[in-house]
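Enquirer:
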Amino acid sequence: MQKRLLIIYYSYTGGTEQMAQAAFDAAEGESDIETLLVRAEDCEAEDLLSADGYIFATPENLAAIAGVMKAFFDRCYYPVLGKIEGRPYSAMVCAGSDGENALKQVERIAKGWRLKKCVEPFIICTHAQSEAAILSPKQLGRAGRSKCADLGATVAAGMAVGVF
Ligand SMILES: Cc1cc2nc3c(=O)[nH]c(=O)nc-3n(C[C@H](O)[C@H](O)[C@H](O)COP(=O)(O)O)c2cc1C
Numbered sequence: 012m013q014k015r016l017l018i019i020y021y022s023y024t025g026g027t028e029q030m031a032q033a034a035f036d037a038a039e040g041e042s043d044i045e046t047l048l049v050r051a052e053d054c055e056a057e058d059l060l061s062a063d064g065y066i067f068a069t070p071e072n073l074a075a076i077a078g079v080m081k082a083f084f085d086r087c088y089y090p091v092l093g094k095i096e097g098r099p100y101s102a103m104v105c106a107g108s109d110g111e112n113a114l115k116q117v118e119r120i121a122k123g124w125r126l127k128k129c130v131e132p133f134i135i136c137t138h139a140q141s142e143a144a145i146l147s148p149k150q151l152g153r154a155g156r157s158k159c160a161d162l163g164a165t166v167a168a169g170m171a172v173g174v175f
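Quick note: to get this note's numbering, add 11 to the position in the sequence shown (first position is 1).
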């Protein structure tokens, strides 16, 4: 049966959405993998259970993962605990200036689920620090999009050949 890669994301001003979309577009190039792109508010435990690998993408808000992303993890954590162990995952964080705490949180939750980190997660910094910059729509540069595309393609390819 075809393996399924699930990309779960939340985005307020578009940065994380572009990251997730770039990863999705690249992963879709892997014909042996079915890739789904789902917003965190629409993602349920069944979606996690029916996937074989995951990419989590979130903004860092107030030194933490975005609240909507946290609500997704809160909603799904126990319903899938013990049922998705060993599946591969990676993560991406979109941050104005830091992002480390959000990434740490995602990695901690994934560790709780006993997921296997298959590609090193990373942070993309939008350099938004003033109120005006933070509230403005984000436009990811080509280098950032390409990094996200590489992550999506690598996770999908690794799943397809069975190394992850
Ligand atoms: C309420 C709020 C809190 C934020 N707190 C942080 C923070 O703690 N660290 C950081 O690096 N960026 C912070 N940011 C900036 C966002 O991470 C940045 O704007 C990012 O591009 C948001 O991703 P998005 O475009 O996908 O919504 C914050 C933004 C908002 C709206």
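Here a beta-carbon is modelled for each residue, glycine too, at the ideal position from N, C-alpha and C.
For clarity, every value in this text was computed on a predicted model and none was experimentally measured.
#1: Under three-state DSSP, which class holds residue 60?
#2: Applying the criterion that 16 or more other CB atoms from any shown protein chain within 10 Å of the CB defines a buried residue, is residue 149 buried or exposed?
#3: Exposed or buried, residue 97, counting other C-beta atoms within 10 Å across all chains shown (16 or more means buried)?
#4: Please determine, among 56, 20, 40 and 42, the residue with the shortest C-alpha to C-alpha distance to residue 66.
#5: Using only the alpha-carbon positions, how far apart do residue 18 and residue 53 sit?
#6: What residue range is occupied by the uninterrupted alpha helix (DSSP H) comprising residue 146?
#7: What are the boundary residues of the alpha helix (DSSP H) that includes residue 175?
#8: For residue 90, name the three-state secondary structure that DSSP assigns.
#9: When the distance is taken between beta carbons, is residue 79 closer than 7 Å to residue 106?
#10: Please list the terminal residues of the continuous beta strand (DSSP E) segment that includes residue 122.
#11: Taking the alpha helix (DSSP H) that residue 137 belongs to, which residues open and close that run?
#12: Short of 6 Å in beta carbon distance, which residues of its chain neighbour residue 37, apart from the five on each side in sequence? Order them along the chain.
Expert: Let me spell this out:
#1: Here residue 60 refers to the residue found at position 49 when the sequence shown is read from its first residue. Residue 60 falls in the helix class under three-state DSSP.
#2: Here the question's residue 149 lines up with position 138 in the sequence shown. Label assigned to residue 149: buried.
#3: One-based indexing of the sequence shown puts residue 97 at position 86. So residue 97 counts as exposed.
#4: Locating residue 66 in the sequence shown gives position 55, where the first residue counts as 1. The residue with the shortest Cα to Cα distance from residue 66 is 20.
#5: In the sequence shown, the residue the question calls residue 18 occupies position 7. In the sequence shown, the residue the question calls residue 53 occupies position 42. Rounded to whole angstroms, residue 18 to residue 53 spans 12 Å at the Cα level.
#6: Translated into the one-based positions of the sequence shown, residue 146 becomes position 135. Taken as a continuous stretch (DSSP letters only), the alpha helix (DSSP H) holding residue 146 covers 142-146.
#7: Walking along the sequence shown from the start, residue 175 turns up at place 164. Unbroken run through residue 175: none, as it is neither H nor E.
#8: Residue numbering aside, residue 90 sits at position 79 when the sequence shown is read from its first letter. Helix.
#9: On the sequence shown, residue 106 is found 95 positions in, with the first residue counted as 1. On the sequence shown, residue 79 is found 68 positions in, with the first residue counted as 1. It is not a contact, given that the beta carbons lie outside the stated cut-off.
#10: Within the sequence shown, numbered from 1, the residue matching residue 122 stands at position 111. Note, residue 122: premise wrong, no beta strand (DSSP E); alpha helix (DSSP H) at 111-123.
#11: Counted from its first residue, the sequence shown places residue 137 at position 126. No alpha helix (DSSP H) holds residue 137; DSSP gives it neither H nor E.
#12: For the purposes of this step, residue 37 is taken as the residue at position 26 of the sequence shown. For residue 37, where only same-chain residues beyond five positions count, the Cβ hits under 6 Å are 160, 163 and 164.
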